[in-house]
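Beneath this line is the structure, given in structure tokens, with notes to follow.
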Amino acid sequence: AQTVTQSQPEMSVQEAETVTLSCTYDTSENNYYLFWYKQPPSRQMILVIRQEAYKQQNATENRFSVNFQKAAKSFSLKISDSQLGDTAMYFCAFMKHNAGGTSYGKLTFGQGTILTVHP
Amino acid sequence: GAGVSQSPSNKVTEKGKDVELRCDPISGHTALYWYRQSLGQGLEFLIYFQGNSAPDKSGLPSDRFSAERTGGSVSTLTIQRTQQEDSAVYLCASSLLRGTHNEQFFGPGTRLTVL
Chain A
9 AQTVTQSQPE
19 MSVQEAETVT
29 LSCTYDTSEN
39 NYYLFWYKQP
49 PSRQMILVIR
59 QEAYKQQNAT
69 ENRFSVNFQK
79 AAKSFSLKIS
89 DSQLGDTAMY
99 FCAFMKHNAG
109 GTSYGKLTFG
119 QGTILTVHP
Chain B
234 GAGVSQSPSN
244 KVTEKGKDVE
254 LRCDPISGHT
264 ALYWYRQSLG
274 QGLEFLIYFQ
284 GNSAPDKSGL
294 PSDRFSAERT
304 GGSVSTLTIQ
314 RTQQEDSAVY
324 LCASSLLRGT
334 HNEQFFGPGT
344 RLTVL
């Protein structure tokens with residue numbers, strides 16, 4: 009079974025600054041994806057960024073980037089130039105897949121980190 | 234196009250009553266998932282449907298919980314004889330499973346309150 013751990017229940021950052029959210033995971037699988045999801049107060053879960061475990065290059069999406077350390081089983085999210093709209097709960101999630109890349113379905117989530125961006 | 238929709242958005246029920254929660258996935262998505270989000274347990278997987286395959290029910294917490302997916306589209310999650318610990322937000326998601334197109338798109342959830 010997989011476990012995902014987010015050790016920071018809450019974080020805060022000033023607008024325009026950079027913040028890093030931590031995530032570690034435990035698995036014996038070789039083929040998997042890692043995700044960061046954002047859940048604003050509206051409850052709508054939104055995918056922020058995805059990393060394929062076989063790729064060494066860290067994924068980036070505009071102001072969002074990850075630091076993926078496979079050997080350490082660490083997957084942190086860096087948000088640059090933080091904006092007020094980034095205020096939300098952030099979930100790290102794990103999904104295993106077969107060698108062909110087709111997923112086995114379920115996401116395993118961490119406990120979440122509440123991020124507050126202050127003006 | 235339209236995203237995943239869920240109804241009702243909020244449901245208040247009395248302990249012991251049955252409830253049905255509905256999910257309309259994105260058209261063409263072959264996979265459908267139910268998750269539960271509660272204060273004590275975080276986000277938990279409940280059940281997963283993929284095409285015509287038997288569903289993965291490994292996350293259902295008790296036999297009071299069941300789900301079906303009719304015609305490969307709409308899904309209903311049923312909770313029988315509700316208990317106070319069933320109070321949570323129930324999230325539905327759908328996805329394609331071809332290649333790496335496995336992003337799960339979530340609905341807005343149904344907040345269930347059991348009095």
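Chains A and B, in that order, are what the protein sequence lines are.
This note's numbering puts the first residue of the first sequence at 9, with every later residue one more than the last.
This note's numbering puts the first residue of the second sequence at 234, with every later residue one more than the last.
Glycine included, C-beta positions come from ideal geometry on N, C-alpha and C.
{"Item": "Alpha-carbon to alpha-carbon, B/L279 and B/A287", "Value": "14 Å"}
{"Item": "Rounded separation between B/Y266 and B/P341 - CA only", "Value": "13 Å"}
{"Item": "Runs of beta strand (DSSP E) wholly within the region 57-100 of chain A (minimum 3 residues, chain order)", "Value": "72-77, 82-87"}
{"Item": "Cα-Cα separation between B/K244 and B/R344, rounded to whole angstroms", "Value": "6 Å"}
{"Item": "Against chain A: residues of the region 243-268 of chain B by CB proximity under 8 Å", "Value": "A264, Y266, Y268"}
{"Item": "Spatially closest choice to A/K63 from A/Q52, A/T13, A/P48, A/L42, by CA coordinates", "Value": "A/L42"}
{"Item": "Expected contact under 8 Å - CB spacing of A/F102 and A/T35 to nearest Å", "Value": "7 Å"}
{"Item": "For B/G275, three-class secondary structure by DSSP", "Value": "strand"}
{"Item": "Exposed unless 16 or more other CB atoms sit within 10 angstroms - verdict on A/S90", "Value": "buried"}
{"Item": "Contacting positions in the region 45-61 of chain A - beta carbon closer than 9 Å to chain B", "Value": "Y45, Q47, S50, R51, Q52, M53, I54, L55, R58, E60"}
{"Item": "C-alpha gap between A/P49 and A/V125, whole angstroms", "Value": "14 Å"}
{"Item": "Contact residues within the region 270-284 of chain B, judged by C-beta distance below 7 Å to chain A", "Value": "G275, L276, F278, Y281, Q283"}
{"Item": "Of the residues A/E60, A/A79, A/L92, A/K86, the one placed nearest A/F72, counting alpha carbons only", "Value": "A/K86"}
{"Item": "Nearest-angstrom beta carbon gap, B/Q283 and B/T205 [assumed within contact, 8 Å]", "Value": "Because chain B here runs from 234 to 348, residue 205 of chain B falls outside it and cannot be looked at."}
{"Item": "Straight-line gap, B/P258 to B/L310 (C-alpha atoms, nearest Å)", "Value": "13 Å"}
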